[in-house]
Amino acid sequence: MHAGEAVIDTALVRRLLTAQFPRWADLPIEPCPSPGTVNAVFRLGDELSVRLPRVGWGVADVGKEQHWLARLAPLLPVPIPEVLGVGEPGEGFPWPWSVCRWIDGDNPKEGEVSDPEGLASDLAAFVTAFRRIDLPEAPPAYRGGPLADLDAGTRKAIGELDGVIDTAAATEAWESALRAPAWDGPPVWVHADLMPGNLLVAGGRLTGVIDFATAGMGDPACDLIVAWNLLPPRGREVFRTALGADDAMWARGRGRALSIALIALPYYQESNPAFAANARHVIDAVLTS
């Protein structure tokens with residue numbers, strides 16, 4: 001998917017475990033199918049997972065998660081990854097990596113949410129709990145600043161999608177979002193990447209949230225993106241009501257969802273069909289809502 005991406009397979013994972021965590025080295029290893037773009041994930045036995053960055057620009061996220069996950073976990077209503085082993089470069093792999101406790105659940109898929117109102121309520125409870133966290137020295141969230149910070153990249157992507165989407169409608173929707181009042185309150189903790197691939201569900205309900213690389217302090221509208229990348233209209237309204245999102249916050253969240261999708265579609269349309277399909281879904285959801 002990316003230039004300079006590492007070659008990661010089960011043989012490499014086995015070598016790393018043998019060298020650094022021999023107590024786990026004989027457990028079965030199975031690649032986890034995922035639309036994720038920055039990390040490769042393998043299931044290790046029944047209770048563990050191994051997570052390795054694919055590219056150099058994702059390496060700093062490993063240490064960030066190893067530092068923050070244990071501090072965040074007791075404050076959230078659903079399980080998040082628990083780091084059990086801190087891996088180091090070795091066996092030809094140049095970067096740090098992690099062994100985490102396995103969280104049961106499947107990634108939800110847009111258009112196939114079995115309990116949209118229940119899932120919307122669960123997501124709102126997670127977002128609300130996250131916003132209330134008060135931990136010192138919190139990092140800034142990725143994409144957590146003003147919506148205008150995304151303008152150049154979003155307009156460039158719209159140009160790249162000429163003939164693929166309705167670029168006039170996308171431009172109008174983006175400019176409408178830019179006109180929304182900026183967040184003028186204190187920054188709050190946000191996950192900032194509530195994509196279907198970072199959510200786990202069972203029986204239609206939320207069982208876990210993963211990948212906290214983008215988390216930190218920012219505009220609370222960052223965590224509204226899930227309203228368009230996953231929830232259908234009736235779930236979207238439950239989610240908005242539960243969070244008490246006013247018109248300005250909702251408009252910024254809609255704009256963020258659109259920006260992420262517009263930038264992702266030309267980049268991943270060949271290399272990651274699942275991610276690209278979700279981007280198309282978001283664009284359609286935004287332009288018809």
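Here UniProt numbering is used: position 178 in the sequence shown is 178, and no number is missing along the way.
All C-beta atoms, glycine included, are put in the ideal place defined by N, C-alpha and C.
Does the beta-carbon of residue i have 16 or more other beta-carbons within 10 angstroms, so that it is buried, or is it exposed?
{"i": "His191", "result": "buried"}
{"i": "Arg234", "result": "exposed"}
{"i": "Glu65", "result": "buried"}
{"i": "Ser98", "result": "buried"}
{"i": "Ala180", "result": "buried"}
{"i": "Gly56", "result": "exposed"}
{"i": "Ser49", "result": "buried"}
{"i": "Gly244", "result": "exposed"}
{"i": "Arg131", "result": "exposed"}
{"i": "Ala73", "result": "exposed"}
{"i": "Arg101", "result": "exposed"}
{"i": "Pro140", "result": "exposed"}
{"i": "Arg23", "result": "exposed"}
{"i": "Thr154", "result": "buried"}
{"i": "Gly4", "result": "exposed"}
{"i": "Asp61", "result": "buried"}
{"i": "Val7", "result": "exposed"}
{"i": "Gly144", "result": "buried"}
{"i": "Pro77", "result": "exposed"}
{"i": "Pro186", "result": "exposed"}
For residue i, which residues in the same chain have their Cβ closer than 8 angstroms to its Cβ, ignoring the five residues on either side in sequence?
{"i": "Ala173", "result": "Arg254, Gly255, Leu258, Val286, Leu287"}
{"i": "Asp104", "result": "Leu200, Ala202, Thr207, Gly208"}
{"i": "Cys32", "result": "Val41, Phe42, Arg43, Ser49"}
{"i": "Gly111", "result": "Pro232, His281"}
{"i": "Gly216", "result": "Ala138, Pro139, Pro140, Ala141, Tyr142, Gly144, Trp189, Val190, Ala192"}
{"i": "Val59", "result": "Pro53, Trp95, Pro96"}
Could you give the first and the last residue of the continuous alpha helix (DSSP H) run that contains residue i?
{"i": "Trp250", "result": "247–268"}
{"i": "Ser121", "result": "116–131"}
{"i": "Arg15", "result": "10–20"}
{"i": "Phe275", "result": "273–287"}
Between which two residues does the beta strand (DSSP E) carrying residue i extend?
{"i": "Leu84", "result": "83–87"}
{"i": "Val238", "result": "Counting along the chain, Val238 falls outside any beta strand (DSSP E), though it belongs to the alpha helix (DSSP H) covering 233–243."}
{"i": "Arg101", "result": "97–101"}
Looking only at its chain, what residues have a beta carbon closer than 6 angstroms to the beta carbon of residue i, apart from the 5 residues adjacent to it on each side?
{"i": "Ala182", "result": "Pro146"}
{"i": "Ala170", "result": "Ile158"}
{"i": "Gln236", "result": "The displayed chain sequence assigns Arg, not Gln, to residue 236. For Arg236, where only same-chain residues beyond five positions count, the Cβ hits under 6 angstroms are Ala227."}
{"i": "residue 331", "result": "A question about residue 331 goes unanswered here, because the residues of the chain that appear run from 1 up to 289."}
Cutting at 7 angstroms between CB atoms, please list the residues of its own chain near residue i, excluding the five before and the five after it.
{"i": "Val226", "result": "Leu123, Leu194"}
{"i": "Ile165", "result": "Ile283"}
{"i": "Ala148", "result": "Leu178"}
{"i": "Lys109", "result": "Pro196"}
{"i": "Glu88", "result": "Gln20, Pro96"}
Is there a C-beta anywhere in chain C that falls below 9 angstroms from the one on residue i?
{"i": "Phe239", "result": "Going by chain labels, chain C is absent from the structure shown, which holds only one protein chain."}
At 4 residues or longer, what runs of the alpha helix (DSSP H) sit wholly inside the stretch 157–230? With a minimum length of 4 residues, the continuous alpha helix (DSSP H) runs that stay inside the stretch 157–230 are 167–178, 226–229.
Three or more C-beta pairs closer than 8 angstroms, one from the stretch 80–94 and one from the stretch 3–23: is that the case here? They touch, by the three-pair rule.
Pairs of beta-carbons, one from the stretch 40–51 and one from the stretch 24–32, closer than 8 angstroms: are there three or more? For the pair of segments examined, the stretch 40–51 was found to touch the stretch 24–32: the number of CB pairs separated by less than 8 angstroms reaches three.
Go through the stretch 24–75 residue by residue and report every complete run of the beta strand (DSSP E) that reaches 3 residues or more, in order. 29–31, 39–44, 48–53, all fully within the stretch 24–75.
So, do the stretch 204–214 and the stretch 276–283 have three or more beta carbon pairs nearer to each other than 8 angstroms? The stretch 204–214 vs the stretch 276–283: no contact.
Given 8 angstroms as the limit, is there contact between the stretch 115–135 and the stretch 190–205, that is, 3 or more CB pairs closer than that? Touching, yes, given that three or more Cβ pairs across the two stretches are closer than 8 angstroms.
Any chance the stretch 129–138 sits against the stretch 68–82, with 3 or more Cβ pairs inside 8 angstroms? Touching, per the Cβ criterion.
For the stretch 236–254 against the stretch 217–227, do three or more pairs of beta-carbon atoms, one drawn from each stretch, fall closer than 8 angstroms, so that the two count as touching? Result yes; three or more Cβ-Cβ pairs closer than 8 angstroms.
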